[in-house]
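A short write-up of the structure that comes next.
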Amino acid sequence: MSPTVSRKVIPLPRRGGPGTGEPPPGRKRPTRVLAVTSGKGGVGKTNIVANLGFTLSRLGKKVMILDADLGLGNLDVLLGIAPRWNISHVIRGERVLADILAEGPGPMQILPAASGIQELTRLNAEQKLQLFSDLDRLIDGVDLLLIDTAAGISSNVMDFSVMAQEIVVVVSPEPTSITDAYALMKVLSLKYAEKSCKLLVNLAASPREARDVFRQLELVTGRFLDIRIEYWGHILRDDHLARGVKHQRLVSELYPESRAGRCFTELARRVIATPPAHRPKGDTHLFWHHLVRGHHP
Ligand SMILES: Nc1ncnc2c1ncn2[C@@H]1O[C@H](COP(=O)(O)OP(=O)(O)OP(=O)(O)O)[C@@H](O)[C@H]1O
Ligand SMILES: [Mg+2]
276 MSPTVSRKVI PLPRRGGPGT GEPPPGRKRP TRVLAVTSGK GGVGKTNIVA NLGFTLSRLG
336 KKVMILDADL GLGNLDVLLG IAPRWNISHV IRGERVLADI LAEGPGPMQI LPAASGIQEL
396 TRLNAEQKLQ LFSDLDRLID GVDLLLIDTA AGISSNVMDF SVMAQEIVVV VSPEPTSITD
456 AYALMKVLSL KYAEKSCKLL VNLAASPREA RDVFRQLELV TGRFLDIRIE YWGHILRDDH
516 LARGVKHQRL VSELYPESRA GRCFTELARR VIATPPAHRP KGDTHLFWHH LVRGHHP
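According to our numbering, numbering within the sequence shown proceeds without interruption in unit steps and concludes at 572.
Put into structure tokens, the structure is as follows:
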């Protein structure tokens, strides 16, 4: 079993009133940061982030999406946009983060990743710190930042997940996806001391099947792990979604009344109706301070 990574935070200069939990002066409103992740690949994270972001922006929210599948990003392809710059230009120092912002449908703002650049999957702590602190400044005034991570338990994936206020684990009803989701939660709990995460069941045949998947995971996590999982809802399996993907268009845009389209509307409404119970500690949007520590998993 791996040792628990300390979340000891080294004090950094504060921008706001000490310990108030309130937005510092000049900050328009706090940004809600959600990381969407999964143990197994291909369970629908990118489609979920894109459709949820689109629907939230149609409901009047200012949404930004970070494609954090840094080396193999495909959010831009899914959205049918061709951004000129991406994260690789930022890491190489050729552009700053604000330069690479692209506009997606909705409209929402997109921070695109690169595709096929392996070194981006191995960012060092310093590079991540720089990226996260730049991002923290960039999201001022944004209502929701959705982070589309890569699958699995690599340090990149985990760092992007634990810096968010809310971690959404996507799972499909396949047994392999369920066991991989459990493995991911185990790492979140044991190595990163996360106390809770949300579960979204995608590709469900019915709401009942999705609930069953949740119950299975709730049972094993409750028995063996110190992490609470909260049911975040389901997205039904729907050919309309795959049809949209082929045309690089979102199901929520093309077929909002389809099975999947309605699920995204319902989910987006629920997200708006249920803000996180408490503001995170500190005065930044992101918990990137956890990177300032002696060792990395
Ligand atoms: N609700 C759904 N109904 C039907 N097909 C779906 C649904 N969700 C996802 N898919 C299909 O699954 C494919 C994979 O989805 P997506 O790329 O969003 O997964 P991912 O988790 O982001 O994958 P990766 O781990 O590679 O990043 C999509 O191209 C789409 O065809
Ligand atoms: Mg993806």
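Backbone N, C-alpha and C fix where the C-beta goes; we use that ideal spot for every residue, glycine too.
Remember, it's a predicted structure, so these values are computed and weren't measured experimentally.
(message) For a test of the three-state rule: what should DSSP assign to Gln384, helix, strand or coil?
(response) Reduced to three states, the DSSP call for Gln384 is strand.
(request) Enumerate in chain order the residues of its own chain whose CB-to-CB distance from Ser332 is below 6 Å, with the five nearest sequence positions on each side excluded. (result) Contacts found: Val338, Gly381, Met383.
(request) Would you mind sorting Leu394 into buried or exposed? The rule is 16 or more other CB atoms within 10 Å of its CB. (result) The residue asked about is misnamed: residue 394 is Glu in this sequence, not Leu. Looking at its Cβ environment, which holds fewer than 16 other Cβ atoms inside 10 Å, Glu394 is exposed.
(request) Give the range of the beta strand (DSSP E) segment to which His574 is assigned. (result) Outside the displayed span of the chain (276 to 572) sits residue 574, for which this structure offers no information.
(request) Could you check how far apart the C-beta atoms of Gly317 and Leu421 are, in whole angstroms? I think they sit under 8 Å. (result) Taking a contact as a CB-CB distance under 8 Å, the pair Gly317 and Leu421 does not count as one, their CB atoms being some 19 Å apart.
(request) Pull up the distance between the alpha-carbon of Tyr530 and that of Ile510, whole angstroms please. (result) If I take the Cα positions, the gap works out to 14 Å.
(message) Measuring alpha carbon to alpha carbon, tell me which residue in Ser430, Ala479, Tyr467 is nearest Val445.
(response) Looking from the CA of Val445, the closest CA among Ser430, Ala479, Tyr467 belongs to Ala479.
(request) Can you tell me the Cβ-Cβ gap for Leu465 and Cys472, rounded? I've got them flagged as a contact below 8 Å. (result) In fact, because the Cβ distance is near 13 Å, the residues do not count as touching under 8 Å.
(message) Can you look up Ala425 in the DSSP assignment and give me helix, strand or coil?
(response) DSSP places Ala425 in strand when its eight states are reduced to three.
(message) Could you tell me the alpha carbon to alpha carbon distance between Asp513 and Leu353, rounded to whole angstroms?
(response) Looking at the two C-alpha atoms, the distance is approximately 16 Å.
(message) If you reduce the DSSP assignment to three classes, tell me which class Gly296 lands in.
(response) The predicted model places Gly296 with a pLDDT of 44, which falls under 50 and marks its position as unreliable; any figure quoted below should be read in that light. Gly296: coil per DSSP, three-state reduction.
(message) I need the DSSP call for Met339, collapsed to helix, strand or coil.
(response) In the structure shown, Met339 sits in a strand (DSSP, three-state: E or B).
(request) Would you decide whether Phe539 is buried or exposed? Buried here means 16 or more other CB atoms lie within 10 Å of its CB. (result) That one is buried.
(request) Under 8 Å by Cβ, that's how I've got Glu505 and Leu474 pegged, so tell me the actual separation to the nearest angstrom. (result) Rounded, the Cβ-Cβ distance is 7 Å, consistent with contact.
(request) Using DSSP bridges, identify the partner residues of Val488. (result) Secondary-structure assignment with DSSP links Val488 through no beta bridge to anything.
(message) Once the 5 residues before and after Ala535 are set aside, which same chain residues still bring their CB inside 7 Å of it?
(response) Sequence-distant Cβ neighbours of Ala535 in its own chain, meaning closer than 7 Å and more than five residues away, are Ile510, Leu511, Asp513, His515, Leu516, Val526.
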